[in-house]
Every structure is written in C-alpha cells, then in structure tokens.
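Protein chains in written order, with UniProt numbering: chain W, 1 to 153; chain X, 1 to 153. C-beta atoms are modelled at their ideal positions from N, C-alpha and C, and glycine is treated no differently. See below for the structure under consideration.
Protein chains: 2
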Amino acid sequence: MQARDIAVSLPTVTTRDSVAKAVRIMVIGRLPGLIIVDDLSRPRLVLPGTQVLRLAVPGSYQEDPALARTIDEAYADQFWLDLGNRTVGDCLPRDPARPVTVPTGANLLEVAALMARTRSPIVAVVDRDASLVGAITLERLLTSLAVFGLGEP
Amino acid sequence: MQARDIAVSLPTVTTRDSVAKAVRIMVIGRLPGLIIVDDLSRPRLVLPGTQVLRLAVPGSYQEDPALARTIDEAYADQFWLDLGNRTVGDCLPRDPARPVTVPTGANLLEVAALMARTRSPIVAVVDRDASLVGAITLERLLTSLAVFGLGEP
Numbered sequence: 001m002q003a004r005d006i007a008v009s010l011p012t013v014t015t016r017d018s019v020a021k022a023v024r025i026m027v028i029g030r031l032p033g034l035i036i037v038d039d040l041s042r043p044r045l046v047l048p049g050t051q052v053l054r055l056a057v058p059g060s061y062q063e064d065p066a067l068a069r070t071i072d073e074a075y076a077d078q079f080w081l082d083l084g085n086r087t088v089g090d091c092l093p094r095d096p097a098r099p100v101t102v103p104t105g106a107n108l109l110e111v112a113a114l115m116a117r118t119r120s121p122i123v124a125v126v127d128r129d130a131s132l133v134g135a136i137t138l139e140r141l142l143t144s145l146a147v148f149g150l151g152e153p
Numbered sequence: 001m002q003a004r005d006i007a008v009s010l011p012t013v014t015t016r017d018s019v020a021k022a023v024r025i026m027v028i029g030r031l032p033g034l035i036i037v038d039d040l041s042r043p044r045l046v047l048p049g050t051q052v053l054r055l056a057v058p059g060s061y062q063e064d065p066a067l068a069r070t071i072d073e074a075y076a077d078q079f080w081l082d083l084g085n086r087t088v089g090d091c092l093p094r095d096p097a098r099p100v101t102v103p104t105g106a107n108l109l110e111v112a113a114l115m116a117r118t119r120s121p122i123v124a125v126v127d128r129d130a131s132l133v134g135a136i137t138l139e140r141l142l143t144s145l146a147v148f149g150l151g152e153p
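Encoded structure:
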C-alpha cells in the first residue's frame, strides 16, 4: 500500500478561520489534529490536536505552568472565552514547523516513521505540486496495517 | 471543574505487556495514547499515540527517514510483524520523560496548558500517593469545556 491508498478526505481550515471554529471542527470530526491549508489548497501547517488546543490557551499560561494553578476554577472552565474571534493566524507560533507531509507514493513504514518522529498523529498527503490529496490519521494508519490483529489479547 | 470531575477510567498497560497488545488496546478503545502503570498502579509513563506507534517502528527507521523510503512496499505493509513478542519495556527509549500527570484538584486550564506544552493528548490524574485515579484525553477535555459551542459554525 501507498499513502494515496489509505488517505482520506478530512475537513481543513485556513489561517483566517477562528480558533473556536478550528477546535469545533476537530471535536465534531473526532480528529486527532488539523491540516491548515493556504488558498491554493496546499498544506501550510499540520497541527496535532494538542497544538490546536494550544492556540486556545492564553500565552501567559503556556509559558508558566504555575500560573494556571493560581487561577480561579470558574475562570479556568471558561478560559477559552478569552479567545473571542481570534483567528488561527493570530495565534500561531512565530516560527511554525514545516508541515508534516508525505508524497502520494510513500510506503506505510515511511508514514509511521514520520508520525513517530514528528509526534504528529495526522499527516498530509500531497501530490507533486504540493496540493493536498488527503490525510492519514494515526488511527487510519494502524487499522490499515491491521496491527490490531497481531498476537493474542 | 477539577481534573477528578472529568477523569475517566481507561485501559492501561504495563511494561510487561507486548507492544502489539498495547497498540491493539489503543486502536480498539480509540484512545489518543496510553498510560503505562507499574505494579502499584502508579503511572510510569504516559505515551501519546505517536509514541506508542514508535515502539513498533524498528529503530533504524526511526533514526533515518530516508531508509524507510528505500524498502519494499510489501515489507512496509508488515513491518510490525518484526515486533514478535517484544514488550513495551523492551522498546521504550532509554531516558523516558516523566509521566504527564496532574493532581485530582488541578483546574481545567492547568490540564490544557500541560497538554499543550507536553504535546500529550492524554494526561494521567493521580492522587497524593501518585496512584492512578483516571485519565483525561484531549477529546474529553474539549467536550468538558464545551468549546465546540463557542461562536458560529
């Protein structure tokens, strides 16, 4: 099998979408992360779910874990309200990593090694002009490999 | 809300379980990662799904991405067969990170900030003697925060 054989079509977002929308798309689709595309449908970023969450965590709490411990529980339940209409582009780190992509012809061990190394449970599959063809999630990879059929329970 | 209020009971593994079993438990439970406990039910490691996958990727391919590209597609579909009966303990990195845990009284912003910083979509909730009380997944956190109700679609 090649990456193209197991790639699936998943919703994407752009940097102009709100962070709230991005989180909602991820939750509703039960996705482990999101692919952020540019206007030509090329992956610009591939964010693991924890880094989509990070977009919604106010910067001061990201940097200083002890600070979050001091705040009021009721505020902590609603910290994401502070987001307002901020967009994905507003909240991205300054030097985002290169998008985690594989060519359509990549084999499944390449995909697995890439996920393991980049700690990204979602990988964008791109064609020769870098356009998005589909996505491979960790779950999709593992079920395609039928690893769950291996050995005894 | 506090961590104890949204913690759920999820299957765990020990270092004596096979990697194949660990992967299978993760896939069947649709879990974003696994908590590895010791014999006293204390979290020893909290592995994001990509790092559970990593246990199954032969070391040489982890280190050298180009190597995976050179191999036969049929072998790539079955690389995990090389695992045999190797256990989680056999395959762990030499210097594993401290387990990603929060106390039962942690607020939800603390949990969110920890997930974002450690890039771990699963967090172990522990009581005062470090025993496992439950787990919080990224999905559980986000649905508890009802972030998906925010703003327009």
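Chain X residues whose Cβ lies nearer than 7 Å to that of residue i
i       : result
W/VAL88 : By Cβ distance, chain X contributes nothing, its closest Cβ being about 13 Å from W/VAL88, past 7 Å.
W/ASP82 : Here the premise fails: no neighbours, minimum Cβ distance about 10 Å.
Test: residue i CB closer than 8 Å to a CB of chain X
i        : result
W/ILE136 : no
W/ARG16  : no
W/ARG119 : yes
Alpha carbon of residue i to alpha carbon of residue j, nearest angstrom
i        : j        : result
X/THR14  : X/PRO48  : 15 Å
X/LEU31  : W/THR137 : 13 Å
X/THR101 : W/GLY105 : 39 Å
X/GLU152 : X/VAL133 : Since pLDDT at X/GLU152 reaches only 45, below the 50 mark, its modelled position is unreliable, and no value is offered.
X/ALA135 : X/LEU145 : 16 Å
W/THR143 : W/THR70  : 42 Å
W/ILE36  : X/SER131 : 39 Å
Cβ neighbour criterion (16 or more within 10 Å) applied to residue i
i        : result
X/ALA74  : exposed
W/SER41  : exposed
W/ALA124 : buried
X/ASN107 : buried
Chain W contact for residue i (CB, 8 Å cutoff)
i        : result
X/PRO48  : yes
X/VAL123 : no
X/PRO143 : Inspection of the sequence shows that residue 143 of chain X is occupied by Thr rather than by Pro. Chain W, which has a Cβ nearer than 8 Å to the Cβ of X/THR143, makes this yes.
X/PRO32  : yes
X/LEU53  : yes
Closer than 7 Å at the beta carbon, the chain W residues around residue i
i        : result
X/SER9   : Near X/SER9 there are no residues of chain W at all, since even the closest Cβ is about 19 Å away, more than 7 Å.
X/ILE35  : Here the premise fails: no neighbours, minimum Cβ distance about 16 Å.
X/ARG69  : GLU110
X/ALA113 : VAL57, TYR61, GLN62, PRO65, ALA68
X/ASP127 : Simply none; closest approach about 17 Å.
Residue i: contacting residues in chain W (beta-carbon distance under 8 Å)
i       : result
X/ASP95 : Simply none; closest approach about 16 Å.
X/ASP38 : Chain W residues near X/ASP38: none, gap ~22 Å exceeds 8 Å.
Task: beta strand (DSSP E) segments (min. 3 residues) lying fully within the UniProt domain "CBS" (94 to 152) of chain X - done: As far as the UniProt domain "CBS" (94 to 152) of chain X is concerned, its whole beta strand (DSSP E) runs of at least 3 residues are 101 to 103, 122 to 126, 132 to 137.
Checklist line | beta strand (DSSP E) segments (min. 3 residues) lying fully within the region 35 to 68 of chain X | finding: If we require 3 residues or more, the beta strand (DSSP E) runs fully inside the region 35 to 68 of chain X come out as 43 to 48.
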